[in-house]
Amino acid sequence: MATSWVIREKATEKVLFETFDAHKVSALNTAKYEAVPILDYLGSLNRSINADTGAAPQ
């Protein structure tokens, strides 16, 4: 189970906020928004930064 989630718009992937509240995640309008577990989000962000800068993952 995730400790926290990043809530973002599905269409743009714009991050709106981070939440620790599982109730908010379960009540989310999933047609417009998605809840991404924080570890998945941060891993994706790191891969994106490394790809943009050419840095090797550590």
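Residues 0 to 57 (numbering that gives the first Met the number 0) make up the sequence shown, in order. Glycine included, every Cβ here is placed at the ideal spot set by N, Cα and C.
Which listed residue (E33, G42, D20) has its alpha carbon closest to that of S3: In the sequence shown, residue 3 corresponds to position 4, counting from 1. From the listed residues E33, G42, D20, the smallest Cα separation to S3 is found for D20.
Those residues which DSSP pairs with T18 across a bridge: Here residue 18 corresponds to residue number 19 of the sequence shown, with the count starting at 1. According to DSSP, T18 bridges with W4.
Beta-carbon proximity of T18 to A30, cut-off 9 Å: Position 19 of the sequence shown, counting from 1, holds the residue named residue 18. Position 31 of the sequence shown, counting from 1, holds the residue named residue 30. Contact flag unset, no.
Alpha carbon of K13 to alpha carbon of G53, nearest angstrom: For the purposes of this step, residue 13 is identified with residue 14 of the sequence shown, where counting begins at 1. For the purposes of this step, residue 53 is identified with residue 54 of the sequence shown, where counting begins at 1. Going from the Cα of K13 to the Cα of G53 covers about 24 Å.
Contact set for F16: own chain, Cβ-Cβ below 6 Å, skip 5 residues either direction: Counting from 1 along the sequence shown, the entry for residue 16 is found at position 17. Closer than 6 Å at Cβ, skipping near neighbours: I6.
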